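So for the sequence shown, UniProt numbering puts the first residue at 1; every next one is plus one.
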Amino acid sequence: MLDIALLPGEYAVCRLAAGTTLPYALSSGLRGADVVTVSWTSDGISVICPTDRAPAQAVVETTWRCLRVTAPVALAGTDSLAALVDPLAEARVSVVTFSTFDTDYLLVPTVRLTEGTAALQRAGHRVTG
Numbered sequence: 001m002l003d004i005a006l007l008p009g010e011y012a013v014c015r016l017a018a019g020t021t022l023p024y025a026l027s028s029g030l031r032g033a034d035v036v037t038v039s040w041t042s043d044g045i046s047v048i049c050p051t052d053r054a055p056a057q058a059v060v061e062t063t064w065r066c067l068r069v070t071a072p073v074a075l076a077g078t079d080s081l082a083a084l085v086d087p088l089a090e091a092r093v094s095v096v097t098f099s100t101f102d103t104d105y106l107l108v109p110t111v112r113l114t115e116g117t118a119a120l121q122r123a124g125h126r127v128t129g
C-alpha cells in the first residue's frame, strides 16, 4: 500500500519545439506543492507544469490532476510504479508518470480523476487531498 497525495490545481502536458528557450516563469516562484518537470530530446521539449504556467507557444494536452507518492521511493525499486499504473490501466484511466530522485508522480485526466482515485483505493492505496 502506498500513500498518495492529490496536489492542488490542474496540470498541463506540453510540447515545445526543439531548441525553444524555456520561459523564466517555469523555474521561478514555485508555489507550495507546484511541480514542474522538463525533458529534452532531439525531437522537442516536454514540460509538465501547473496549467497557469504552460508556455504560450506550447502544444498543450488536456488538463490533468497530479498525484504524488508521499513516501520516498527507492531508485532501485521496481514495483511501486507498477502498483499504481496497473490499477489505473485496468480501470481504463490514462496516466502519465514521471519520477524525481525522491518519489513518483502520476497524472490522470481531470475528467477521470474520480475513477482514477477509486481504482487506486480499490488496489489498497490511500489517496488524500
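Don't be surprised by glycine CBs; every beta carbon is placed ideally from N, CA and C. Computed from a predicted structure; not experimentally measured.
Counting beta carbon pairs with one atom in the stretch 81-95 and one in the stretch 38-51, are three or more of them shorter than 8 Å? Touching, no, given that fewer than three Cβ pairs across the two stretches are closer than 8 Å.
Check whether the Cβ atoms of S10 and T63 sit closer than 7 Å, and answer yes or no. Position 10 of the sequence shown, counting from 1, holds the residue named residue 10. Position 63 of the sequence shown, counting from 1, holds the residue named residue 63. A small correction: the amino acid at residue 10 is Glu; Ser does not occupy that position in the sequence shown. Yes.
Please work out which residues of its chain come closer than 6 Å, Cβ to Cβ, to P23, disregarding the five sequence neighbours upstream and downstream, and give them in chain order. Walking along the sequence shown from the start, residue 23 turns up at place 23. Closer than 6 Å at Cβ, skipping near neighbours: P55.
On the criterion of 16 or more Cβ atoms from any shown chain inside 10 Å, does R122 qualify as buried, or is it exposed? In the sequence shown, the residue the question calls residue 122 occupies position 122. R122 is classed as exposed because its beta carbon has fewer than 16 other beta carbons within 10 Å across all chains shown.
Report the partner residues of V108 according to the DSSP bridge assignment. Taking the first residue of the sequence shown as position 1, residue 108 is located at position 108. Answer is R65.
Identify which residue in F101, A119 and V93 has its Cα closest to the Cα of T110. Counted from its first residue, the sequence shown places residue 110 at position 110. Considering only alpha carbons, the answer is V93.
Status (buried if at least 16 other CB within 10 Å, exposed otherwise) for T117: Residue numbering aside, residue 117 sits at position 117 when the sequence shown is read from its first letter. T117 is classed as buried because its beta carbon has at least 16 other beta carbons within 10 Å across all chains shown.
D3 - containing beta strand (DSSP E), residue span: Translated into positions along the sequence shown, residue 3 becomes position 3. Unbroken beta strand (DSSP E) run through D3: D3 to L6.
Where the beta strand (DSSP E) through R122 begins and ends: Within the sequence shown, residue 122 is the residue found at index 122, counting from 1. Unbroken run through R122 is the alpha helix (DSSP H), L113 to R122; no beta strand (DSSP E).
Three-state secondary structure assigned by DSSP to L16: Counting from 1 along the sequence shown, the entry for residue 16 is found at position 16. Secondary structure of L16 (DSSP, three-state): strand.
Determine whether the beta carbon atoms of T103 and V47 lie at a separation below 7 Å. The residue labelled residue 103 in the question sits at position 103 within the sequence shown. The residue labelled residue 47 in the question sits at position 47 within the sequence shown. Inclusion of T103 and V47 in the CB contact set at 7 Å is not warranted, their separation being larger than that value.
Kindly indicate the opening and closing residues of the alpha helix (DSSP H) around S80. Mapped onto the sequence shown, residue 80 falls at position 80. Its alpha helix (DSSP H) spans residues S80 to E90.
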